[in-house]
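Remarks on the structure that follows.
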Amino acid sequence: MQPFLAFTLTAAAALALLVLWPRRGLLARWRRARQLAERVIAEDTLKHVHARELSGTLATPESLAGKLELGVRQALELISDMEGRGLIQSTGPGLRLSAAGHRVALRVIRAHRLLERYLADELRMPLEAIHATADRREHVLTAEEVDELEAQLGYPQQDPHGDPIPTSSGLLEELEATALTDWPVARPAKIVHLEDEPPEALAEIVAAGLVLGMHVEVREASEQRLVLWDGEHERVLAPIVASNVFVTDLPHPVRPPVKLSSLQPGESGRVIALRCEGFDRRRLLDLGLTPGTLVECSFPGPAGEPTAYRVRGALIALRREQGDEIEIEPLSTAGVED
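See the structure below:
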């Protein structure tokens, strides 16, 4: 065989192998990339329809086109395909999820919110950055990987924005809250949800120092601004930003925040919020110091610290700097029952 012909045949064989090699060839990679792209757009469609159902305003071809940055004709073709797969249903008012579509939507939402918890707690990403990152990664996790992530995180009940995390069986607790812009002046409230979109609004909320669990009171509300009081400081938000903060009733007046480290032996309090992130936050959560937990200061260490606290019937030891990161609502000095 002539050298040139041999070289040509060898090169052709190598090229064919590069393109056609099962699982690793260019064709196989292209197919996987295309399948992932189709999965992403289908799952994003289900998430949009689900979100609109929760809001009380059903999704439409126009709203779907806007959300996915498609033309209306492309959105109609997508809807037709999703209907053919038994995932959504077209009705007079708009689009609804089928039972199968609802299950898939909750699975994706579960992956998304657990990823947000991981990004905030473990990687310490800024709150305003985790949503977009989770959006990109939620589609590639298997159900088994999501379950493993949930266990690794200690089975959290809500994401860092306050949204409840669906269970592995598909149960999703409904969040009942009111936007700050609709909240009465001088009525005590507790922050339970921070909307993650648009990210610019969330960045302003974070910059203003608002966090989940914070107790606030609207002192002034106008078309130009909302003035909040947290017991120590005033915080000012534009109404367009404040509309992304959701609250529920607080059964007592807003008081200055108190640190766990300020408790004296025999005094007790209820955890309101943790002011730390990442490993430090995870450590406190592992000790049972979740919002709502009752804590009693038992006794200081021989050198003044660490201090022993009774939590859920067990004694734990915390250094002062750890106690400074735990915001509490002081209770009576009667102690904490096991």
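If you want this note's numbering, it's the position in the sequence shown, counting the first as 1, plus 4.
The C-beta atom is built at its ideal place from N, Cα and C for all residues, glycine as well.
Residues near residue i by beta carbon distance below 7 Å, same chain, minus five either side
| i | result |
| --- | --- |
| R355 | The question about residue 355 has no answer here: the residues shown for the chain are numbered 5 through 342. |
| S43 | Residue 43 is actually Arg in this sequence, not Ser. Same-chain partners within the cutoff: H143. |
| L119 | A138, R141, E142 |
| S172 | D151 |
| P295 | G217, V275, I276, A277 |
Per DSSP, the bridge partner or partners of residue i
| i | result |
| --- | --- |
| A277 | E331 |
| S272 | E300 |
| W233 | E221, E238 |
| F250 | A183, H197 |
| R100 | Q93 |
| V202 | Reading off the sequence shown, one finds Pro at residue 202, where the question assumed Val. Partner(s): none; P202 has no beta bridge. |
| A168 | Before going further, note that residue 168 is Pro rather than Ala in the sequence given. For P168, which the question treats as bridged, DSSP gives the partners Q162. |
| V262 | I332 |
Residues near residue i in its chain [Cβ-Cβ closer than 8 Å; skip 5 each side]
| i | result |
| --- | --- |
| H52 | A63, S67, L68, K71, L72 |
| T337 | Confidence is the limiting factor: at T337 the pLDDT is only 43, short of 50, which leaves the residue's position unreliable, though a coordinate-based value still follows. Same-chain partners within the cutoff: G270, E271, S272. |
| E57 | A63, R100, L101 |
| L110 | H54, P170, G174, L176 |
| W34 | Low local confidence applies: a pLDDT of 47 at W34 is under 50, so the model's placement there is unreliable, with the coordinate-based value given in what follows. Here the set comprises nothing. |
| R223 | V189, A190, V231, L232, W233, E238 |
| I244 | A205 |
| L288 | L278, C280, Q326, E329, I330 |
First and last residue of the uninterrupted alpha helix (DSSP H) at residue i
| i | result |
| --- | --- |
| D151 | 147-156 |
| Q93 | It is not in any alpha helix (DSSP H) - Q93 instead sits in the beta strand (DSSP E) that spans 92-94. |
| V76 | 76-88 |
| A2 | The structure shown does not extend to residue 2, since the chain spans only 5 to 342, so no value can be given for it. |
| P65 | 65-72 |
Own chain residues within Cβ distance below 6 Å of residue i, not counting five before or after
| i | result |
| --- | --- |
| D328 | K263, S265 |
| L50 | G105, V108, A109 |
| R323 | E309, P310 |
| L134 | Note on residue identity: the sequence assigns Ile, not Leu, to residue 134. Excluding sequence neighbours, I134 sits near E120, L123, A124. |
| A207 | E132 |
The beta strand (DSSP E) enclosing residue i, as first and last residue numbers
| i | result |
| --- | --- |
| I195 | 193-198 |
| T137 | Taken as a continuous stretch (DSSP letters only), T137 belongs to no beta strand (DSSP E), being part of the alpha helix (DSSP H) at 134-141. |
| I320 | 318-322 |
query = Counting pairs of beta carbons, one from the segment 260-278 and one from the segment 301-308, are three or more of them closer than 8 Å?
reply = yes
ask   = Quick one: complete beta strand (DSSP E) runs, 3+ long, within the segment 205-230?
value = 219-225
inquiry  = When you compare the segment 179-196 with the segment 219-239, are there three or more beta-carbon pairs, one atom per stretch, that lie closer than 8 Å?
reply    = yes
message = Three or more C-beta pairs under 8 Å: does that hold for the segment 198-214 against the segment 237-257?
response = In the pairwise beta carbon analysis, the segment 198-214 is classified as touching the segment 237-257: at least three pairs are separated by under 8 Å.
query = If we count Cβ pairs, one from each stretch, closer than 8 Å, do we get three or more for the segment 199-207 versus the segment 247-264?
reply = yes
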